[in-house]
Amino acid sequence: MLKIIKILIKKIFPSNMVNRVFETLNIHFDRFSIKSYSQEGEDLILNRIFEQRSSGYYIDIGAHHPLRFSNTYLFYSRGWRGLCIDPSHEAIALFKRKRPRDVALEMGVSNQESELTYYMFDEPALNTFSESLADQRVKTTAYKRIGTRSVPVRPLKKILDEVLLPGTVIDFMTIDVEGLDYQVLESNDWSKYRPRIVLAEALDDEAGERIRSFMAMHHYKVIARTFNTEFYEDGLKP
């Protein structure tokens, strides 16, 4: 089959592009490589922790997109399932179409039940509930704010009480809510819902220290880090 593909490539593409096409194919079909869908390779660290298990359960808060910048899609593609939450109507519609095994909820997560202003950009990965972060991105990046809208937000513990079946084991929870990760963590019931691994963004030193102190108080320890994301492991589980 590979020989046939190479023959077809030579017939279809100009001679000066053939080597580049072969290199691309080698990358995608290299049996020694693992494809990452995360922004900074977070799913590869998770893959190392969970050793390519064929099933499990995740929670993805600020899920953004079924594949792009996704810390959970690698696991979904292997048979896992979970809960995906995002304030974007377009994102949740995509999740329901592309990832039917997941429960996808269109809402925000915070430490109080209310409505918050959602600041939207022409790069959806930058969307945020933080007015200060939105203003900063307008001033320091080329991306443009394209609008705002009011979005209902609920504490995580209330959402999990309603969604999770009794006895559900949460293997990992990933949080990427552009500046409000602490409020999401604060809204959980850590005596009841304890993922083995928690991923949270620390966009600056102050936010990182605050989150680390909070997680340490709940007996989680830092075990890995990418450029923005820290990985915490439950210190109470054997």
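Sequential numbering from 25 applies to the sequence shown in this note's numbering.
Cβ atoms here follow ideal geometry from the backbone N, Cα and C, with glycine treated the same way.
Query, Result
"Nearest neighbour of F93, chosen from M241, R77, E147 and S78 [CA to CA]", "E147"
"Nearest residue (CA-CA) to T165, options S154, L150 and T172", "L150"
"Residue ranges of each beta strand (DSSP E) within the segment 53-87, 3 or longer", "81-85"
"Selected residue, minimal CA-CA separation from E66, among F196, D126, R169 and E210", "F196"
"Segments of 3+ residues assigned as beta strand (DSSP E) that fall wholly inside the segment 89-116", "105-110"
"L129 to K163 span [Cα, whole Å]", "31 angstroms"
"Within 8 angstroms, strictly: CB atoms of L223 and T253", "yes"
"Alpha carbon of I73 to alpha carbon of I36, nearest angstrom", "42 angstroms"
"Extent of the continuous alpha helix (DSSP H) run through L209", "D205 to E210"
"Among G103, I58 and L68, nearest to G80 - alpha-carbon criterion", "G103"
"Cβ shell of R178 (< 7 angstroms), same chain only, five flanking positions each side left out", "M131, V133 and E137"
"Per DSSP, cross-strand counterpart(s) of A240", "Note: A240 sits in no beta bridge, so no partner."
"L140, buried or exposed, once every other Cβ within 10 Å from all chains shown has been counted against 16", "buried"
"Residues of its chain near R234, where Cβ-Cβ distance is below 8 angstroms and the 5 sequence neighbours each way are ignored", "Y206"
"For I221, the residue or residues it bridges with in DSSP", "F196 and E257"
"Close-in-space but distant-in-sequence residues of the same chain around E225 (CB under 6 angstroms, 5 per side omitted)", "D200, D205, N252 and T253"
"Where the alpha helix (DSSP H) containing A158 begins and where it ends", "E155 to T164"
"Presumed contact (8 angstroms Cβ cut-off) between V187 and L118, rounded CB distance", "Their Cβ separation, rounded to whole angstroms, is 19 angstroms, which puts V187 and L118 out of contact at 8 angstroms."
"Sequence-distant residues of the same chain with beta carbon closer than 6 angstroms to P176, five excluded per side", "M131 and E139"
"First through last residue of the beta strand (DSSP E) which encompasses E137", "Here E137 belongs to no beta strand (DSSP E), and DSSP marks it neither H nor E."
"Nearest to L180 (by Cα), restricted to the options P38, L68 and I109", "I109"
"Straight-line gap, I247 to I194 (C-alpha atoms, nearest Å)", "18 angstroms"
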